[in-house]
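Colleague: My structure is below; once you've seen it, I'll send some questions.
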Amino acid sequence: MIEIDLEKEGVRGVNSRLHSLPKDTNERHWLIKNPMGQHAIACGLDAPLTVEIGGHAGFYCGGMNKQAEILVHGHVGPGVAENMMSGIVRVAGNASQSAGATGNGGLLVIKGDAASRCGISMKGIDIVVGGSVGHMSAFMAQRGHLVVCGDAGEALGDSIYEARLYVRGKVDNLGADCIEKKMTDHHLAKLARLLDKAEIKANPKDFRRFGSARKLYNFNIDHADAY
Amino acid sequence: MCGIVGLYLKNPKLQPKLGQLFKPMLIEMTSRGPDSAGVAIYRNPAKKGFTKFSLAHDDAKFGWKKLAAGLKAHTKKQVSVEQIGNHAIVTTNAKEEAVTTWLKAHHPQVRIVGSGQAIEIFKETGLPEKVYEKFDLTKAKGSHIIGHTRMATESAVTTAGSHPFATGADLCLVHNGSLSNHNRLRDNLKREGLEFQTENDTEVAAAYMTWKLRQGASLKETLEAGIKDLDGFYTFCVGTHDGFAVVRDPIACKHAVLAETDDWVAMATEFRAIAHLPGADKAKIWEPEPQTIYNWGGH
Chain A
1 MIEIDLEKEG VRGVNSRLHS LPKDTNERHW LIKNPMGQHA IACGLDAPLT VEIGGHAGFY
61 CGGMNKQAEI LVHGHVGPGV AENMMSGIVR VAGNASQSAG ATGNGGLLVI KGDAASRCGI
121 SMKGIDIVVG GSVGHMSAFM AQRGHLVVCG DAGEALGDSI YEARLYVRGK VDNLGADCIE
181 KKMTDHHLAK LARLLDKAEI KANPKDFRRF GSARKLYNFN IDHADAY
Chain B
1 MCGIVGLYLK NPKLQPKLGQ LFKPMLIEMT SRGPDSAGVA IYRNPAKKGF TKFSLAHDDA
61 KFGWKKLAAG LKAHTKKQVS VEQIGNHAIV TTNAKEEAVT TWLKAHHPQV RIVGSGQAIE
121 IFKETGLPEK VYEKFDLTKA KGSHIIGHTR MATESAVTTA GSHPFATGAD LCLVHNGSLS
181 NHNRLRDNLK REGLEFQTEN DTEVAAAYMT WKLRQGASLK ETLEAGIKDL DGFYTFCVGT
241 HDGFAVVRDP IACKHAVLAE TDDWVAMATE FRAIAHLPGA DKAKIWEPEP QTIYNWGGH
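Those protein sequence lines, which keep their order, are chains A and B. Using our numbering, count along the first sequence one by one with no gaps and you end on 227. Using our numbering, count along the second sequence one by one with no gaps and you end on 299.
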């Protein structure tokens, strides 16, 4: 494992070193020391690396990730794994708001809680949260899965399109066009695979499924007065 | 965009280091607010019956000793003064109203930035590091401190428009966000007899709290009422004579993080401001919930 000291090299220095690695590099395992809550650590990676962050990270950690596995040994600030394309981001602690926002692919695992707007506008990312999520989570979610082992705050799945939401605990309330749906064997199997990949032990049968009622796709003339 | 930071020491042994511990917290928030900075520090409580006034004047050579002598002659009470930068801490056992009335009549250019038994407020335009140095805060000892780095959005970049804003004896407020109903509220509060030094939205929040507290509401009740009556985006950090409180608006749009150890409680807009504190990596760290009041110390 190769160690880099963020305090000495700065965020730009650390990210430049990781970006400049050739795709077939043998230097695949990195540890970033002293993250000190700085922003944009390990952003824009595009190689099959394992990057460990030895502490708490700030905003946008692991954003735009492709291929890499990023392990944060602490908490993260807003926008972790924002717009991730592929790969894995694992957070040992809690995440602030907008975790996994607009993510296209890959897996984001948050062992602790995530704050508001977790998975906002998600477009294919899978997000597994060991704890609870805050209000407006999966707002305008378009594709992918959000698994919440704890509770979900207000307006879960507001204006949701096609993402699938699984919640084990209580849901404060559902947002516009989000409804509870039947959990079939197909969904149980998919959820089991997600939990397994996230390395979180939970029984899929304890979860409820939510998704889109698909009423917002088209303008409804009968509701014209409401606009 | 602004940065707010607060540090409340649970372990009295750390009190001699308050200014030193807080310096990197404030400076780390420079990128969120490079135009002005300010702090409210709670230290050296005045003797019973005495009040400390934090006063400011734009002229760094203003004659504070002459002001103190004038105040003493007028009130026939004890008055002492300590100049710190372009601010001065005037301590007196004269009645608060008598002091403010006299100041307004004889020194209208002097701004009263705060008052109470323990609070001292210093604020100025310029980079946070320069402001901190100007008021010699690195060596400051005390029990708790809250600070603000400002990126002005709602009103002009002036010393008077910097935070913290006083909200009553030993109480003050820093704010990250913007209020949308501050003009209407200001008019209403003016009718209730409150006075304003600026067009700043946060000053309205401070005046609102002053008004509520004067009516006999507790700090918690005041903050609860504020959640209903203040419209807009806000994370507030409020200092009290022996504690501090944090509250966010119902949407919790503005960033905030809290951290707690056996020795201290810290709040900041971003964790990187807290990361420098001893034991921060092992602290309990969480994001404050919307419209929830968190408070330490005090009642």
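Note that the Cβ used here is the ideal one computed from N, Cα and C, for glycine as well. The structure displayed is predicted, hence computed values, not measured ones.
Closer than 7 Å by beta-carbon distance: list the chain A residues that pair up with TRP286 (chain B), in chain order.
Modeller: Taking the second sequence and counting its residues from 1, one reaches residue 286 (chain B) at position 286. Ordered by position in chain A, the residues that pass the 7 Å Cβ test against TRP286 (chain B) are ASN94.
Colleague: Could you tell me the distance, in whole angstroms, from the CA atom of GLY70 (chain B) to the CA atom of VAL5 (chain B)?
Modeller: Position 70 of the second sequence, counted from the first residue, corresponds to residue 70 (chain B). Position 5 of the second sequence, counted from the first residue, corresponds to residue 5 (chain B). Looking at the two C-alpha atoms, the distance is approximately 37 Å.
Colleague: Of the residues that make up the region 113 to 132 of chain A, which ones have a beta carbon closer than 7 Å to any beta carbon in chain B?
Modeller: Hits within the stretch, in order: ALA115, SER116.
Colleague: Which runs of the beta strand (DSSP E), 3 residues or longer, sit entirely within the region 121 to 148 of chain B?
Modeller: The qualifying runs do not exist here; there are none.
Colleague: When you compare the CB positions of LEU26 (chain B) and TRP264 (chain B), do they come within less than 8 Å of one another, or not?
Modeller: Here residue 26 (chain B) refers to the residue found at position 26 of the second sequence. Here residue 264 (chain B) refers to the residue found at position 264 of the second sequence. Contact flag unset, no.
Colleague: Mind checking the region 63 to 80 of chain A against chain B and listing, in chain order, the residues whose C-beta falls within less than 8 Å of any C-beta there?
Modeller: If the cut-off is 8 Å between Cβ atoms, the region 63 to 80 of chain A has GLY74, HIS75, GLY77, PRO78 near chain B.
Colleague: I think GLY93 (chain A) touches GLY74 (chain A), with their Cβ atoms under 8 Å apart; what is that distance to the nearest whole Å?
Modeller: Against the first sequence, residue 93 (chain A) aligns to sequence position 93. Against the first sequence, residue 74 (chain A) aligns to sequence position 74. Their Cβ separation, rounded to whole angstroms, is 5 Å, which keeps GLY93 (chain A) and GLY74 (chain A) in contact under 8 Å.
Colleague: Please identify the residue among A:ASP24, A:CYS149, A:LYS190 whose C-alpha is closest to the C-alpha of ILE110 (chain A).
Modeller: Within the first sequence, the letter at position 110 stands for residue 110 (chain A). It is A:CYS149.
Colleague: To the nearest angstrom, report how far apart HIS56 (chain A) and GLU28 (chain B) are at their CA atoms.
Modeller: For the purposes of this step, residue 56 (chain A) is taken as residue 56 along the first sequence, with counting starting at 1. For the purposes of this step, residue 28 (chain B) is taken as residue 28 along the second sequence, with counting starting at 1. Distance between the alpha carbons of HIS56 (chain A) and GLU28 (chain B) is about 16 Å.
Colleague: Assuming THR125 (chain B) contacts SER36 (chain B) under a Cβ cut-off of 8 Å, what Cβ separation, rounded to an integer in Å, is found between them?
Modeller: Along the second sequence, read from residue 1 onward, the residue named residue 125 (chain B) stands at position 125. Along the second sequence, read from residue 1 onward, the residue named residue 36 (chain B) stands at position 36. Confirmed, Cβ separation roughly 5 Å.
Colleague: Drop a sphere of 10 angstroms on the beta-carbon of ASN11 (chain B), count the other beta-carbons inside from all chains shown, and report buried for 16 or more, exposed for fewer.
Modeller: As a position in the second sequence, residue 11 (chain B) is number 11, starting the count at 1. Counting Cβ neighbours within 10 Å, ASN11 (chain B) comes out exposed, since fewer than 16 surround it.
Colleague: By the 10 Å Cβ neighbour count, where 16 or more other Cβ atoms means buried, how is ARG90 (chain A) classified, buried or exposed?
Modeller: In the first sequence, counting from the first residue as 1, residue 90 (chain A) sits at position 90. Burial call: buried.
Colleague: Return helix, strand or coil for ALA31 (chain B), following the three-state DSSP convention.
Modeller: Within the second sequence, numbered from 1, the residue matching residue 31 (chain B) stands at position 31. Ala is not the amino acid found at residue 31 (chain B); the sequence shown has Ser there. Looking at SER31 (chain B) - three-state DSSP - the assignment turns out to be helix.
Colleague: Could you work out which residue in B:MET267, B:ALA268, B:LEU127, B:PRO290 is closest to ILE251 (chain B) when comparing CA atoms only?
Modeller: Mapped onto the second sequence, residue 251 (chain B) falls at position 251. Among B:MET267, B:ALA268, B:LEU127, B:PRO290, the Cα nearest to that of ILE251 (chain B) is on B:PRO290.
Colleague: Which of helix, strand or coil does DSSP assign to GLY124 (chain A)?
Modeller: The count along the first sequence starts at 1 and reaches residue 124 (chain A) at position 124. Three-state result, GLY124 (chain A): strand.
Colleague: Could you check whether ALA140 (chain B) and ILE41 (chain B) sit closer than 8 Å to each other, using their CB atoms as the reference points?
Modeller: If you number the second sequence from 1, residue 41 (chain B) lands on position 41. If you number the second sequence from 1, residue 140 (chain B) lands on position 140. Yes.
Colleague: Assuming ILE89 (chain B) and SER54 (chain B) make a contact with CB atoms under 8 Å, what is their CB distance in whole Å?
Modeller: Counting from 1 along the second sequence, the entry for residue 89 (chain B) is found at position 89. Counting from 1 along the second sequence, the entry for residue 54 (chain B) is found at position 54. Confirmed, about 6 Å.
Colleague: Taking the continuous alpha helix (DSSP H) assigned at TYR208 (chain B), which residues delimit it?
Modeller: Position 208 of the second sequence holds residue 208 (chain B). 201 to 214 is the extent of the alpha helix (DSSP H) around TYR208 (chain B).
Colleague: Return the first residue and the last residue of the beta strand (DSSP E) that HIS145 (chain A) is part of.
Modeller: On the first sequence, position 145 is the one that residue 145 (chain A) refers to. HIS145 (chain A) -> beta strand (DSSP E) spans 143 to 148.
Colleague: For the beta strand (DSSP E) that contains GLY211 (chain A), what are its first and last residues?
Modeller: Position 211 of the first sequence, counted from the start, is the residue given in the question as residue 211 (chain A). Segment 208 to 212, the beta strand (DSSP E) holding GLY211 (chain A).
Colleague: Go ahead and label ILE293 (chain B) buried or exposed: buried means 16 or more other beta carbons lie within 10 angstroms of its beta carbon, across all protein chains shown.
Modeller: Taking the first residue of the second sequence as position 1, residue 293 (chain B) is located at position 293. Answer is buried; the Cβ neighbour count reaches 16.
Colleague: Does the separation of the CB atoms of ALA46 (chain B) and THR91 (chain B) fall below 8 Å?
Modeller: As a position in the second sequence, residue 46 (chain B) is number 46, starting the count at 1. As a position in the second sequence, residue 91 (chain B) is number 91, starting the count at 1. For ALA46 (chain B) and THR91 (chain B), yes; Cβs fall inside 8 Å.
Colleague: Within 8 Å, do at least three Cβ pairs link the region 96 to 108 of chain B to the region 155 to 164 of chain B?
Modeller: No: the two stretches stay apart, fewer than three of their Cβ pairs being nearer than 8 Å.
Colleague: Rank A:GLY131, A:GLY144, A:VAL14 by C-alpha distance to the C-alpha of ILE120 (chain A) and give the top, closest one.
Modeller: Walking along the first sequence from the start, residue 120 (chain A) turns up at place 120. Closest option to ILE120 (chain A), Cα to Cα, is A:GLY144.
Colleague: I'd like to know if GLY55 (chain A) contacts chain B, where contact means its C-beta is closer than 8 Å to some C-beta of that chain.
Modeller: Taking the first residue of the first sequence as 1, we reach residue 55 (chain A) at position 55. It does: the Cβ of GLY55 (chain A) has a partner Cβ on chain B nearer than 8 Å.
Colleague: Can you round the beta-carbon distance between GLY211 (chain A) and ARG168 (chain A) to whole angstroms, since I take them to be within the 8 Å contact cut?
Modeller: For this step, residue 211 (chain A) is matched to residue 211 along the first sequence. For this step, residue 168 (chain A) is matched to residue 168 along the first sequence. GLY211 (chain A) to ARG168 (chain A), Cβ: 16 Å. No contact.
Colleague: Using C-beta distances below 6 Å, list every residue in its chain close to PRO35 (chain A), excluding the 5 sequence neighbours before and after it, in chain order.
Modeller: Translated into the one-based positions of the first sequence, residue 35 (chain A) becomes position 35. These residues qualify, in order along the chain: LEU6, ILE41, ILE53, GLY55, ALA57.
Colleague: For GLY175 (chain A), decide whether its Cβ has a neighbour in chain B, counting only Cβ atoms nearer than 8 Å.
Modeller: Locating residue 175 (chain A) in the first sequence gives position 175, counting from the first residue. False, the Cβ-Cβ gap to chain B never drops below 8 Å.
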